[in-house]
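Heads up: the sequence lines are chains H and S, in that order.
Note that our numbering numbers the first sequence so that position 31 is 51, with each residue one more than the last.
Note that our numbering numbers the second sequence so that position 17 is 174, with each residue one more than the last.
In this text, a Cβ means the ideal position worked out from N, Cα and C, and glycines have one as well.
Everything below concerns the one structure shown next.
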Amino acid sequence: MKATVLVRPKPGILDPQGEAVGSALGHLGFEVSDARVGKVIDLEVEASNAGVAKALVEQMCDQLLANPLIESYEVEIVG
Amino acid sequence: MRWRSLASPQPRIGVVTYPGSQDDRDALWALAALDAEAVPVWHDERELPDLDAVVLPGGFSYGDHLRCGAIARFSPATAAVREFADVGGFVLGICNGFQILCEAGLLPGALLRNESLRFVCRDVPVTVERDDLPFTTRCTAGGRLVLPVKHGDGGYLPPPDLDPAQVVLRYVDNPNGSIEGIAGVCNEAGNVMGLMPHPEHAVDPLLGSDDGALLLASLVDAARERVLAAI
């Protein structure tokens with residue numbers, strides 16, 4: 021099954037990369053009041069159904085893919 | 158049982174080399190210059206040799222992929238270091254070693270991208286907050302050390318419940334956006350410490366500062382006392 025993980029800097033955590041992107045967009049003439057930069061991790065996992073796959077990927081997030089102190093994550097099973 | 162001189166035993170201090178470690182040789186050289194027996198430890202080793210202290214050096218372990226230190230945390234040697242720390246062994250993490258200890262949960266907090274988004278590489282003054290740790294007994298609380306920093310991800314974020322007593326070093330002029338200027342912290346027990354500045358690059362005045370020798374020699378002293386206590 022294919023899974024997509026979105027990892028984001030938690031609200032309130034300083035995200036200098038997001039700030040730099042926001043300010044660059046401002047230079048291009050776009051009005052952006054906030055920009056945050058996270059990451060996307062696409063996975064292919066062995067699982068019998070979507071629920072099992074989601075539980076498995078959440079374990080991966082807790083153990084490695086996200087640092088709970090600074091990042092939040094969302095798991096989407098795309099089939 | 159290895160042979161030890163009873164009068165002044167030479168403590169054995171291991172330095173772990175991960176794929177991508179850079180400062181392991183400098184750390185080995187500095188520890189040997191400060192009269193320790195410096196022992197290289199390969200990341201693949203599940204059991205540590207007979208050691209009195211361990212240093213995790215700076216660099217870019219596993220290419221800093223995902224997050225700095227996130228992959229090194231699962232190295233066999235890191236598991237061995239965790240067991241060593243759990244029974245009170247002295248562990249010092251420098252720069253990437255600090256990031257690894259945070260990712261492994263041996264130290265509180267996390268290290269974020271520098272606030273400036275720029276890599277910083279210069280000598281910085283830091284204030285010593287504690288001089289009662291195995292890493293700082295040769296320093297004076299309130300005194301200053303000049304140490305080099307060279308990192309892109311050195312912004313320290315403490316957990317909300319960090320005990321202020323765990324702060325060991327603070328930057329005088331914050332180079333990276335660390336919260337409250339924290340440059341080095343220890344665990345609650347005080348046997349594990351991490352810092353972003355590089356004491357191993359500052360053990361000879363010819364290189365700009367020898368203040369780093371105060372931290373490393375403190376560790377050598379503490380490790381030697383451990384040997385004497387065991388005899």
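Query, Result
"So, residue 172(S) versus residue 263(S), is the Cβ gap smaller than 7 Å?", "no"
"Would the segment 292-310 of chain S count as touching the segment 55-63 of chain H if we require 3 or more Cβ pairs under 8 Å?", "no"
"Of all the CB atoms in chain H, is at least one closer than 7 Å to the CB of residue 158(S)?", "Unreliable positioning characterises residue 158(S) in this predicted model, as indicated by a pLDDT of 44, which lies under 50. A coordinate reading is not provided."
"Using a Cβ-Cβ cutoff of less than 6 Å, which residues in the same chain neighbour residue 420(S) once the five nearest sequence positions on both sides are dropped?", "With chain S running from 158 to 388 in the structure shown, residue 420(S) is simply not present."
"Between residue 195(S) and the rest of its own chain, which residues show a CB-CB distance below 7 Å, the 5 nearest in sequence each way excluded?", "170, 172, 185, 188 and 189"
"Can you give the beta carbon distance from residue 341(S) to residue 325(S), rounded, assuming they're within the 8 Å contact cut?", "4 Å"
"For my contact list, residue 354(S) and residue 283(S) are in at a C-beta cut-off of 8 Å; report their separation, rounded to the angstrom.", "6 Å"
"Inspect the CB distances between the segment 77-92 of chain H and the segment 41-54 of chain H and report whether three or more fall short of 8 Å.", "no"
"With a CB to CB cut of under 6 Å and the five nearest residues on each side skipped, what residues in its chain are close to residue 213(S)?", "173, 250, 254 and 257"
"Excluding the 5 residues flanking residue 95(H) on each side, which residues of the same chain have their C-beta closer than 7 Å to its C-beta?", "23, 25, 74, 77, 78 and 81"
"Nearest to residue 267(S) by CA position, among 273(S), 280(S) and 252(S), is which residue?", "252(S)"
"On the three-state DSSP scale, how would you describe residue 226(S)?", "coil"
"Since residue 270(S) meets chain H, which of its residues come closer than 9 Å, beta carbon to beta carbon?", "34, 35, 36 and 37"
"Taking 7 Å as the threshold (beta carbon to beta carbon), is residue 26(H) in contact with chain S?", "no"
"By the 10 Å Cβ neighbour count, where 16 or more other Cβ atoms means buried, how is residue 291(S) classified, buried or exposed?", "buried"
"Would DSSP call residue 308(S) helix, strand or coil?", "strand"
"Could you tell me whether the Cβ atoms of residue 287(S) and residue 87(H) are closer together than 7 Å?", "no"
"Do residue 328(S) and residue 360(S) count as a contact pair if the criterion is CB distance below 7 Å?", "no"
"Would you call residue 261(S) buried or exposed, if buried means 16 or more other Cβ atoms sit within 10 Å of its Cβ?", "buried"
"Between the Cα of residue 335(S) and the Cα atoms of 269(S), 316(S) and 378(S), which residue gives the shortest distance?", "269(S)"
"What's the C-alpha gap between residue 158(S) and residue 351(S)?", "For residue 158(S), the pLDDT reaches just 44, beneath the cut-off of 50, and the residue's location in the model is therefore unreliable, although a value from the coordinates is still provided. The alpha-carbon atoms of residue 158(S) and residue 351(S) are separated by roughly 31 Å."
"Is residue 40(H) close to chain S, meaning its C-beta is less than 7 Å from at least one C-beta of that chain?", "yes"
"What in chain H is Cβ-close to residue 267(S), meaning under 8 Å?", "87, 89 and 90"
"Do you know whose CA, among 227(S), 179(S) and 233(S), lies nearest residue 200(S)'s CA?", "233(S)"
"Does the separation of the CB atoms of residue 41(H) and residue 27(H) fall below 7 Å?", "no"
"Any C-beta of chain H within less than 8 Å: which residues of the segment 325-343 of chain S qualify?", "334"
"Output, in chain order, the set of chain H residues within a Cβ distance shorter than 8 Å of residue 239(S).", "By Cβ distance, chain H contributes nothing, its closest Cβ being about 15 Å from residue 239(S), past 8 Å."
"Which residues in the same chain as residue 45(H) place their Cβ atom closer than 7 Å to its Cβ, once the five residues preceding and following it in sequence are excluded?", "52 and 55"
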